[in-house]
Amino acid sequence: MRKKIVAGNWKMNLNLQEGVALAKEINEALVAEKPNCGVIICTPFIHLACVADVLDKNLVGLGAENCADKEKGAYTGEVSAEMVKSTGAQYVILGHSERRQYYKETPEILKEKVQLALKNGLKVIFCIGETLEEREANKQNEVVKAELEGSVFNLSEEEFKNIIIAYEPIWAIGTGKTATADQAEEIHAYIRSIVAEKYGNEVAQDTTILYGGSCKASNAPELFAKENIDGGLIGGASLKCADFKGIIDAWKK
Ligand code: PEP
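Structure, rendered in structure tokens:
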């Protein structure tokens with residue numbers, strides 16, 4: 001059975017003290033009321049080690065939002081997968097559309113990052129998704145297929161089992177526009193079908209595919225009720241404990 005997951009992506013928000021306080025609050029809320037799904041929070045690098053100290057590892061996973069495409073050495077300002085792992089984090093988000101768009105991360109760069117993350121024992125939340133223009137031209141399926149082929153379909157079956165896919169239509173990220181549950185289900189089912197073509201049905205059935213893009217407590221139940229939507233990657237609504245918990249609770253409905 002594939003895992004149901006709600007993962008937060010804090011992005012470049014919250015200073016260290018604010019981040020640790022939020023992590024403590026989320027942890028306490030989940031200790032008080034056990035979630036019906038896996039919960040992960042992905043934070044800026046500077047938060048990782050301190051946040052790791054306040055989380056109950058059995059209840060809340062921890063991830064970074066990026067890692068370097070090089071193993072180690074003279075790459076000023078970069079943070080390697082090994083460094084991420086050494087903080088206590090177990091996950092890393094790679095391929096987020098903001099990294100692809102603003103930092104020009106190509107499929108080749110992402111392929112390197114994925115390899116290094118897996119080599120260092122991190123699970124990867126790998127983001128894919130189309131622009132509004134691509135959706136309007138009905139190219140969403142080819143876009144997500146190319147993104148998977150470009151960076152993760154080179155992995156062995158064993159390696160691929162450490163990939164969580166996050167489908168995030170770019171036009172829905174931070175815009176307040178959500179894909180309808182039917183739109184999301186249609187492309188999630190397509191993504192699962194191409195994973196099945198590549199790795200077989202058993203692996204595809206075990207692959208967690210998250211939806212991301214203006215997901216909140218009010219629309220999460222409808223999205224998560226769909227067969228191929230296994231949870232969410234949450235940006236804005238992961239920055240307040242009550243909002244994030246509201247989405248986690250969608251798995252109780
Ligand atoms: C994201 O960037 O991963 C995301 C889903 O953002 P938001 O929830 O704010 O749309």
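Per full-length UniProt numbering, residue 1 is the first one in the sequence shown, and the count goes up by one each step.
We treat Cβ as the ideally placed atom computed from N, Cα and C, and that holds for glycine.
Here the distance from the Cβ of N9 to the nearest heavy atom of ligand 1 is below 6 angstroms.
Between L94 and E159, the CB-CB gap reaches or exceeds 7 angstroms. Contiguous beta strand (DSSP E) elements confined to the region 98-145 occur at 123-128, taking only those with 3 or more residues. I194: member of the alpha helix (DSSP H) spanning 181-199, first to last residue. C37 sits away from G212, with the two beta carbons spaced by 7 angstroms or more. Comparing C-alpha distances from T178 to each of F126, I41, G235 shows the shortest one belongs to G235. Residue side-chain check: G61 keeps its Cβ at 6 angstroms or more from all non-hydrogen atoms of ligand 1. Runs of the alpha helix (DSSP H) lying entirely within the region 19-105 and spanning at least 4 residues, in chain order: 48-54, 81-86, 97-102. The C-beta of T43 has 16 or more other C-beta atoms within 10 Å across all chains shown, which makes the residue buried. Taking C-beta atoms as the reference points, Y91 and I125 count as a pair closer than 7 angstroms. For G212, the distance from the CB to the nearest heavy atom of ligand 1 is below 6 angstroms. Measuring C-alpha to C-alpha distances from A220 to each of V31, V203, E185 identifies E185 as the nearest. The bridge partners DSSP lists for L16 come to none. Looking from the CA of E78, the closest CA among L62, Y102, F45 belongs to F45.
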